[in-house]
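Peer 1: Could you have a look at this structure, given as structure tokens, before my questions?
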Amino acid sequence: MEVVSYRNVETFVQHIPEVTALGVWIKAIIILAVISAIAGFGTYVERKVLAFMQRRLGPMHVGPYGLLQIIADGIKLFTKEDIVPQNANRFIFMVAPVITAATAFIALAAVPVFPDFTIPEWIPVIGGTFVPSIASDLNVGILFVLGMMAAGLYGPLLAGMAQANKWGIIGAARTAIQFLSYEVVTGLSILAPIMIVGSLSFVDFNAAQAGGVANWLVWKQPVAFILFLIAGFAETNRTPFDLLEHEAEVVSGYATEYSGMRWGMFFIGEYANMITISVIAAIVFLGGYSTEGLGWLWIMLKIAFFFFLMLWVRAAWPHVRPDQLMWLCWKVLMPIAVINVVITGIVMMV
Amino acid sequence: MGLEQFKNRNVGQQEYVLLDLEHTPQTPMGKFKQVVKRTFKPELFVGLGVTMREMINALFKGQMHTIKYPFEKLPISPRYRAIHEMLRLLESGHYRCIGCGLCEKICISNCITMDTRYDENQRKEVSEYTINFGRCIFCGYCAEVCPELAIVHGPRYETASEQRASFSLFEDMLTPIDKLNLQQEYDGFGAVTPNADENIKKTPLAY
Amino acid sequence: MSEVKTVENMVSITIDGTTYQAKEGEYILNAARANDVFIPAICYLTRCSPTLACRLCLVEADGKQVYACNAKVKDGMEITVDTPNILEERRAIMEVYDVNHPLQCGVCDKSGECELQNYTLELAVDSQSYAIPDTKREVKDWSTVLHYDAGLCIVCERCTTVCKDMIGDAAISTTKRGGEPLDKAYKETMPKDAYAMWNKLQKSIIAPSNGTDYTNCSDCGECTAVCPVGALTGRDFVYTSNAWELERVPATCAHCSSGCQIYYEKKHTSVFDRSEKIYRVTNEWNYVSLCGAGRYGYDFENRVEGKDEAAFNAAVEAFKKAETIRFNSVITNEEALMLQTLKEKMGFKLVNPDARAFQKFLGAYAKAAGQSLYSYDFKEVMVTDFVISVGASLRNDNPNARYAFNNIQKMNKGAGLYFHPVGDNLVPTFGKNIEVFTHKVGLEEAALYLVLDLFADKEKLPEDVKSYLESFKSTTTKTVKEKVMKEVTETVIDEETGEEKQVTKKVPEMVEKEITIEKNGLVELLGKESDAFDAAFEKMMKKKESFSMIVGEDLYFHDRAENIAKLIALIEQTSPVRVAMIPPKTNSLGVALICDLDDEATGYTVGYNENGDFRLSALGDGDLDMPAMNQQEGTLTNMHKRVTPTNAALEYNGYELNDLMKVLVGAPELTVDWTEKLPVEKGFRTAKFDDLPNGYLNDGTENRGYALENITCEAEAIAVEKIDENGVLEGEIVYRCNPQRQFNDFTDKAHEIFEGFGLYAAPEKAKALGEKVEIDFGGKSITVDVIEDERMEGDITALADFKSEADVYSLFGPSRYRKVTIRKV
Amino acid sequence: MYEAIAFYLFSALTIGLFLITVMSKNVLYAMTSLAAGMVLISGFFFILGADFLGVVQLIVYVGAVMALYSFAMMFFDATRDIKEKNTPASLVFLLGGLSALVLVLMFAGPIHSEAIQALYPMHEGVGNAQDVGIVLFTKYLVPFEVAAVMLLVAMIAGIILAGKKMDQSLTKDTSVDDEDEILKQKDAK
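Protein chains in written order, with this note's numbering: chain A, 1 to 350; chain B, 1001 to 1207; chain C, 2001 to 2825; chain D, 3001 to 3189.
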């Protein structure tokens, strides 16, 4: 499935004249490698930040300041026994984590993650290749990302249903409810900025906010920003909405029966999603990137801030009850989002 | 006894103080007001502030709580009951244990065993002394009962072992003779209390 | 024991307001103890005389302060245990005891079972009002087994009392210590009794009574048992274990036929060797006294690694082809019953010389007396006041018989007659009223006739006996040399001055005088002056009410055993003398009752602890290992006609006889399942082993197992024969007799018993014999060491029989005395 | 060339997956393959350059419709095969075959016709989201609004159906007074 998806990406990228297929390939590999690494590194950061907020040191022993902890974790995940429960639906059980990881990375295909650059000429074979910032600059980029994240639902869902475990199925049910519900809020909240910009392309969003902090959409659409953040937390299964794997209630939710690298794929998918949401929030609301100078550093900082925010919130806040979660979504956030859209429309009309 | 009485049978005066709870809103409007109130109260951000403050304190003001255990150790209370040590007499260097067997007797997990014999100086000599740490629950009775303050709880609290039944012999616990000058007088569990003199009846020792 | 609590001999007394029944003439302390009333006392021992050393037992009886150990109960006596004055005295006494008593209870062996500790706590002594400079008191080893720490001694004199009153050795006594005199001021300030007690305590210490550093005694260790503090202990036990660590296993001592109740006290051997080991043997010393073998002969267990299947199969094969089983009486009743079952089902011959002789003797006695067992047990003997011993080497054959003999002299103001060919210098020291007949070998009948003559109601005697007795009486005139003092005047020259002096002095002169005397030929025959004996006997018989006779092994191994048995029955029939017999070995009585024994071994022989073609042995040297007596459960029949249980103190991993039984003829699961099958018609009971108690009640009642029923049968008319003087042995005679503390191979195995195998002889005889001799029994001979026994007298030597491999029984045959030739080697 | 490869690949996969959907007795397989098929269908839209529709296909079918199916499937034991009861088989085959035939005919028609033309061709330089929007809000405004009203009605009806017993708690014991005891005490004060 992964392979198919990347061919997909490759196919439509051909329309963009200056981007060669090789460049896209390189970009895809970079995303895959770097985001995977960042996802791993994210766990280290998360542990460290949580530790600091509790005045602990966090991982310290593997490498300087515990920096190599991710390698240790990786070795552990790869070498652990891959257990498939006896009554599980073997194929689905094995394929489910791949769906999560794959959709998370596919979503990243339409997101500008790193600056574009040209590979120096002196490098053989690939020398001179232009590597774009976005692997696939779709004109419906935002919708594509949201759609792919929606498709990511199938990972946990199938995992939960396939593993013949009651905690798994409860976790899966929670996943389905939470993702579906908050997808509505995500879509509606981002609709208002889309109306203002009039495009679904990230590049257009970036262009619309160029010219300084004052032009950031967050000032025009603060409500949408907050709604998007809240929904983003829910979609990435972060505290205070981490009900899918809440161990005090459902052991480990849809991941209960998973071990080793299969569990690791869920993990990577989750972290990739966190990065995706951070990127969208940064581009849509906080002005995105600038191609000149240190512009890319700025967006990195913005992404890092959102990532940090997720950890910060985890350290500070308790999580909500499932019924509160649904109540918040349908009775509070969705109406506000609708109202926000209406108001935005009215303002635009006038 | 009625159910209510039964439930409250251990309650005593029933002087409960109700916490300052809000009324549960009954009307939709009330509920909405509550939501608004809660939404715009900065409580959540206070929480964020607290964690951020702690992080700053930890990172920049040196208030990190973590003790890097195998490399750093907290000082333990003298009353802490860790691995036993056998002390020596400071003057002569002879071990204090007289082999009275009281520790063996009082040990509630039966982990102390000793062999004694009549030695050439017509004294009771401890020829072998073991504590089975697989069984020891570190209750401290042995140190407390010891009339000679010979067996005490030392500061070594790392008791993890690869074997279930690890035990230690007399020589393991005895202060090495060359480290006699480092031997600390024990002031923990079972040691003579500072006000011991006030608590005992004195007998005239005329001769 | 005339212990029947009839209304007549009971009186009622009141102690602290509660009324109790007590035996008339009993000491208050004993009455209180029997009724579970606590009166503190350190120095008093129930069966011994009061020493008044501790004075703690002070009570108020009918308004007067008396010592409970020393004052007898009277009907209606009102006793108060605690009065303010008495409490003050007691506390002062306890404080005095604690003066200079080392406070190193931690290392003391007695700690945890120390009476000084207990009483100090009981009387709440928490401060000390008295003080005196201490004197150095040495730690000494008195013998191979006794260890005395004088520093701990409180001179309660229990040790000396028990040694004198119970054991009869009187080997230790109080002596001067040379302590500081008490401060005069104390006399005014201290309570009276406490001062007196302290005064005595400060001056004395215990020491061997022979003036040397070493005791000359039977090494029974009873003094260590009674010692309330840690002063007297077994040498081997010193500082090896605390009292509380030891697990007590109640058992019956299996060395001699006394079958004393003992506790094996055991714990693990060491930190590294967790197998259990017996550390010491203790006893209920108020009610039973042990001998050296019982106390120190405990480590005879047969340590076996596991079940040796090959040996077991070989044993089964051996049984299948065997004709005879040879065994001795160191087995339990259950094992005896198994052997008897084997005989019934497989037709073996059972050969056991000691039990066979006893069985025959008992059978002859039963026929004549009309009862299956002898009349008295040794507890009953102990309360009589006149005791006769015939045919028993009291010192060696059975310690309990000896203790009874001695105790009668000491406690009951008793008298005793001791008939035995082998001279013994201990028995006369038991009391003043003891006549010792060192008669010729083979004249045991004469001794019994003398008893008949002395005690029998002449009216009841058959005519022929009566006339036979008369035939010994004669009246003769005898020339007696009398000492007369005569004055003689001499002229003496003073050597210094040269003066002559007339000196008058009295010089004894022998004057011959003729007197007429009645002469008893029997007494003369037994080697004593008839007239002197008559005078002594008259004195002995004063105020005597109850009579008992101890009968020993010599009589069972006697050519004329049957006649002797009849004579004994006749004595019981016609006189107030009641008889108690000493079974030759541990369980001879049980074996004699249970087994149907044969005289001679034939064919292939299986030996159980005895020689044989195939040897089952609990000694560890046989073809198949068997459990020793401290490793097995079962019952023993002791000389008190009691079936007493014994328990396994140590674990045994090998096969036991019951396993063989299972294969051979079928058997129940456990050895002790045989207990209830013991033959009821022989006086046993159908009692389960687990239901048998093993202990004493507070009043000394023996609550152990059950007493055999003495089954009465029709008595035949007793026709006794005359004395057979042809059986008298002259010349070099050897007596089959074990040294003290040795009874069998098991005592020999024990490491604290040092008496060796050999020929025991009186010191002079031993010197004459040299170090090693060959004894020729006419055909067979044996070469042994000569061992000196200071307590023996005369020319007869004693050959030990405890080593089964030496097979001494077969050398002697049906007699205990043999005429032999002894050659120096 | 890429389009051709992608097209045939996607076609094969889509048909295969839908076959699994129809044939499999296991709900989990059926659902998974259906969802995967939907994803692949969106691929066709992308090949055709209809990015917006592709994404909509993803969001609507994969993200919403199929997820709703999966909700229903939570109530089954997903690990067990389903016992199908398709009798009479001949009828099922007949009807199934007929409708398939009709569909094939319907979609095969344009192959032999030159008459089919895009009424509203894509505008150069304008994103297809705008193109779709323009068509929807001009030509198909009325059907669009009607569809919207219908969805609204369905939604309201759904809420009413679901909300009938919403004030009753399933977990709370109704036999006990359902008011908050502590709060009642406090109110009394």
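Idealized CB from N, CA, C, for every residue including glycine.
Applying the 10 Å Cβ sphere with the 16-neighbour rule, what's the burial state of C/Glu2003?
Peer 2: Along the third sequence, read from residue 1 onward, the residue named residue 2003 of chain C stands at position 3. Low local confidence applies: a pLDDT of 44 at C/Glu2003 is under 50, so the model's placement there is unreliable, and no value is given.
Peer 1: Excluding five sequence neighbours on each side, which residues of the same chain lie with their C-beta closer than 6 Å to the C-beta of A/Gln14?
Peer 2: Residue numbering aside, residue 14 of chain A sits at position 14 when the first sequence is read from its first letter. The predicted position of A/Gln14 is uncertain, since its pLDDT is 43 and thus under 50; a value taken from the coordinates is nonetheless stated next. Around A/Gln14: no qualifying Cβ.
Peer 1: Output, in sequence order along the chain, the residues in the stretch 1098-1120 of chain B whose CB is closer than 9 Å to any CB in chain C.
Peer 2: Listed in sequence order: Ile1098, Gly1099, Cys1100, Gly1101, Leu1102, Glu1104, Lys1105, Thr1113, Met1114, Asp1115, Thr1116, Arg1117, Tyr1118 and Asp1119.
Peer 1: Could you tell me whether the Cβ of A/Leu244 comes closer than 8 Å to any Cβ of chain D?
Peer 2: Locating residue 244 of chain A in the first sequence gives position 244, counting from the first residue. Chain D, which has no Cβ nearer than 8 Å to the Cβ of A/Leu244, makes this no.
Peer 1: At which residues does the beta strand (DSSP E) containing C/Thr2821 begin and terminate?
Peer 2: Stepping through the third sequence from its first residue, residue 2821 of chain C is reached at position 821. Here the beta strand (DSSP E) through C/Thr2821 covers Thr2821 to Lys2824.
Peer 1: Taking Cβ positions only, does D/Lys3051 come closer than 8 Å to chain A?
Peer 2: Walking along the fourth sequence from the start, residue 3051 of chain D turns up at place 51. The amino acid occupying residue 3051 of chain D in the given sequence is Asp; Lys does not appear at that position. True, the Cβ-Cβ gap to chain A drops below 8 Å.
Peer 1: Is the Cβ of B/Lys1124 closer than 8 Å to any Cβ of chain C?
Peer 2: Here residue 1124 of chain B refers to the residue found at position 124 of the second sequence. Yes, B/Lys1124 lies at the interface with chain C (some Cβ there is under 8 Å from its Cβ).
Peer 1: Compute the distance between the beta-carbons of D/Met3031 and D/Val3062, then report whether it is under 8 Å.
Peer 2: By one-based count along the fourth sequence, residue 3031 of chain D stands at place 31. By one-based count along the fourth sequence, residue 3062 of chain D stands at place 62. No, the pair does not count as a contact, with Cβ atoms beyond the cut-off.
Peer 1: Can you give me the start and stop residues for the alpha helix (DSSP H) that B/Thr1039 sits inside?
Peer 2: The residue you call residue 1039 of chain B lines up with position 39 of the second sequence. Here the alpha helix (DSSP H) through B/Thr1039 covers Pro1028 to Phe1040.
Peer 1: Between C/Thr2783 and the ligand MN, is there a pair consisting of the residue's CB and a ligand heavy atom that are separated by less than 7 Å?
Peer 2: By its list of ligands, the structure shown contains no ligand whatsoever, and the ligand MN lies outside what it can speak to.
Peer 1: Between the C-alpha atoms of A/Tyr271 and A/Ile230, what's the straight-line distance to the nearest angstrom?
Peer 2: In the first sequence, the residue the question calls residue 271 of chain A occupies position 271. In the first sequence, the residue the question calls residue 230 of chain A occupies position 230. Computed Cα separation, rounded: 17 Å.
Peer 1: Confirm, please, whether the CB-CB distance from C/Asp2623 to C/Ala2315 is below 8 Å.
Peer 2: Position 315 of the third sequence holds residue 2315 of chain C. Position 623 of the third sequence holds residue 2623 of chain C. Taking 8 Å as the Cβ cut-off, C/Ala2315 and C/Asp2623 qualify as a contacting pair.
Peer 1: What separation, rounded to the nearest whole angstrom, lies between the Cα atoms of B/Cys1136 and A/Lys76?
Peer 2: Position 136 of the second sequence holds residue 1136 of chain B. Position 76 of the first sequence holds residue 76 of chain A. B/Cys1136 and A/Lys76: Cα-Cα distance of roughly 36 Å.
Peer 1: From C/Val2304 to C/Ala2243, what does the alpha carbon distance come to, in whole angstroms?
Peer 2: The residue given as residue 2304 of chain C occupies position 304 in the third sequence. The residue given as residue 2243 of chain C occupies position 243 in the third sequence. Rounded to the nearest angstrom, the two C-alpha atoms are 28 Å apart.
Peer 1: Going by the beta-carbon positions, is the gap between C/Arg2055 and C/Asp2193 smaller than 8 Å?
Peer 2: Position 55 of the third sequence, counting from 1, holds the residue named residue 2055 of chain C. Position 193 of the third sequence, counting from 1, holds the residue named residue 2193 of chain C. The answer is yes: Cβ separation under 8 Å.
Peer 1: Leaving out the 5 sequence neighbours to the left and right, which residues in its chain are closer than 7 Å to C/Phe2557 when beta-carbon positions are compared?
Peer 2: Looking up residue 2557 of chain C in the third sequence gives position 557. Around C/Phe2557: Ala2357, Pro2814, Ser2815 and Arg2816.
Peer 1: For A/Arg321, which of helix, strand or coil comes out of DSSP?
Peer 2: In the first sequence, counting from the first residue as 1, residue 321 of chain A sits at position 321. The answer is coil: DSSP assigns A/Arg321 none of H, G, I, E or B.
Peer 1: Following the continuous alpha helix (DSSP H) through C/Gln2202, name the residue where it begins and the one where it ends.
Peer 2: Numbered from 1 along the third sequence, position 202 holds the residue referred to as residue 2202 of chain C. From DSSP, the alpha helix (DSSP H) with C/Gln2202 extends over Lys2192 to Lys2203.
Peer 1: Which residues in the same chain have their Cβ closer than 6 Å to the Cβ of A/Pro17, if we skip the five residues on either side of it in sequence?
Peer 2: In the first sequence, counting from the first residue as 1, residue 17 of chain A sits at position 17. The pLDDT assigned to A/Pro17 is 43, lower than 50, so where the model puts this residue is not dependable; a value taken from the coordinates is nonetheless given after this. Nothing meets the Cβ criterion.
Peer 1: Only counting the same chain, and skipping five residues up and downstream in sequence, which positions put a Cβ closer than 6 Å to that of C/Lys2519?
Peer 2: As a working mapping, residue 2519 of chain C is identified with position 519 in the third sequence. For C/Lys2519, where only same-chain residues beyond five positions count, the Cβ hits under 6 Å are Ser2474, Thr2476 and Ser2530.
Peer 1: If I follow the unbroken beta strand (DSSP E) through C/Phe2386, where does it start and stop?
Peer 2: The residue labelled residue 2386 of chain C in the question sits at position 386 within the third sequence. Element bounds for C/Phe2386: Phe2386 to Val2390.
Peer 1: Between C/Arg1962 and the rest of its own chain, which residues show a CB-CB distance below 6 Å, the 5 nearest in sequence each way excluded?
Peer 2: Nothing about residue 1962 of chain C can be read from this structure; chain C reaches only from 2001 to 2825.
Peer 1: What residue range does the alpha helix (DSSP H) around A/Ser290 cover?
Peer 2: Position 290 of the first sequence, counted from the start, is the residue given in the question as residue 290 of chain A. It is not in any alpha helix (DSSP H) - A/Ser290 carries neither H nor E in the DSSP assignment.
Peer 1: Does the beta-carbon of B/Asp1197 have 16 or more other beta-carbons within 10 angstroms, so that it is buried, or is it exposed?
Peer 2: By 1-based counting over the second sequence, the position of residue 1197 of chain B is 197. Classification of B/Asp1197: exposed, given that the 10 Å Cβ count is below 16.
Peer 1: Only counting runs of 3 or more residues, tell me where the beta strand (DSSP E) segments fall wholly within the stretch 1059-1119 of chain B, in order along the chain.
Peer 2: Listed in chain order, the complete beta strand (DSSP E) runs (minimum 3 residues) inside the stretch 1059-1119 of chain B are 1084-1086 and 1112-1118.
Peer 1: Under the DSSP definition of a beta bridge, which residues are partnered with C/Tyr2067?
Peer 2: Looking up residue 2067 of chain C in the third sequence gives position 67. C/Leu2058.
Peer 1: Which runs of the beta strand (DSSP E) spanning at least 3 residues fall entirely within the stretch 2389-2457 of chain C, listed in chain order?
Peer 2: As far as the stretch 2389-2457 of chain C is concerned, its whole beta strand (DSSP E) runs of at least 3 residues are 2415-2419 and 2434-2437.
Peer 1: Return no unless some Cβ of chain C is closer than 8 Å to the Cβ of B/Thr1175.
Peer 2: The count along the second sequence starts at 1 and reaches residue 1175 of chain B at position 175. For B/Thr1175, the answer is no, since every Cβ of chain C falls outside 8 Å of its Cβ.
Peer 1: For the stretch 1044-1073 of chain B, list every residue whose C-beta sits within 7 Å of some C-beta in chain C, in sequence order.
Peer 2: Listed by position along the chain: nothing, the set is empty.
Peer 1: Is DSSP giving C/Phe2547 helix, strand or coil here?
Peer 2: Here residue 2547 of chain C is taken as the residue at index 547 of the third sequence, counted from 1. Looking at C/Phe2547 - three-state DSSP - the assignment turns out to be strand.
Peer 1: Would the stretch 172-180 of chain A count as touching the stretch 140-156 of chain A if we require 3 or more Cβ pairs under 8 Å?
Peer 2: Yes: at least three Cβ pairs fall under 8 Å.
Peer 1: Considering Cα atoms alone, identify which of D/Ile3082, D/Leu3095, D/Phe3075 and D/Leu3053 is closest to D/Leu3136.
Peer 2: Within the fourth sequence, numbered from 1, the residue matching residue 3136 of chain D stands at position 136. Of D/Ile3082, D/Leu3095, D/Phe3075 and D/Leu3053, the residue nearest in Cα terms is D/Leu3053.
Peer 1: Once the 5 residues before and after A/Val338 are set aside, which same chain residues still bring their CB inside 7 Å of it?
Peer 2: Position 338 of the first sequence, counted from the first residue, corresponds to residue 338 of chain A. Cβ within range, chain order: Leu188.
Peer 1: So the alpha helix (DSSP H) C/Pro2645 belongs to, where does it begin and stop?
Peer 2: One-based indexing of the third sequence puts residue 2645 of chain C at position 645. Run containing C/Pro2645: none in the alpha helix (DSSP H); it sits in the beta strand (DSSP E), Arg2642 to Thr2646.
Peer 1: Can you check which of these residues, C/Glu2774, C/Ser2218, C/Glu2651 and C/Met2581, is closest to C/Glu2633 by C-alpha distance?
Peer 2: In the third sequence, counting from the first residue as 1, residue 2633 of chain C sits at position 633. Comparing Cα positions, the closest option is C/Glu2651.
Peer 1: Along chain B, which residues have their Cβ under 9 Å away from the Cβ of C/Trp2142?
Peer 2: Numbered from 1 along the third sequence, position 142 holds the residue referred to as residue 2142 of chain C. Result: empty, since nearest Cβ-Cβ is about 15 Å, beyond 9 Å.
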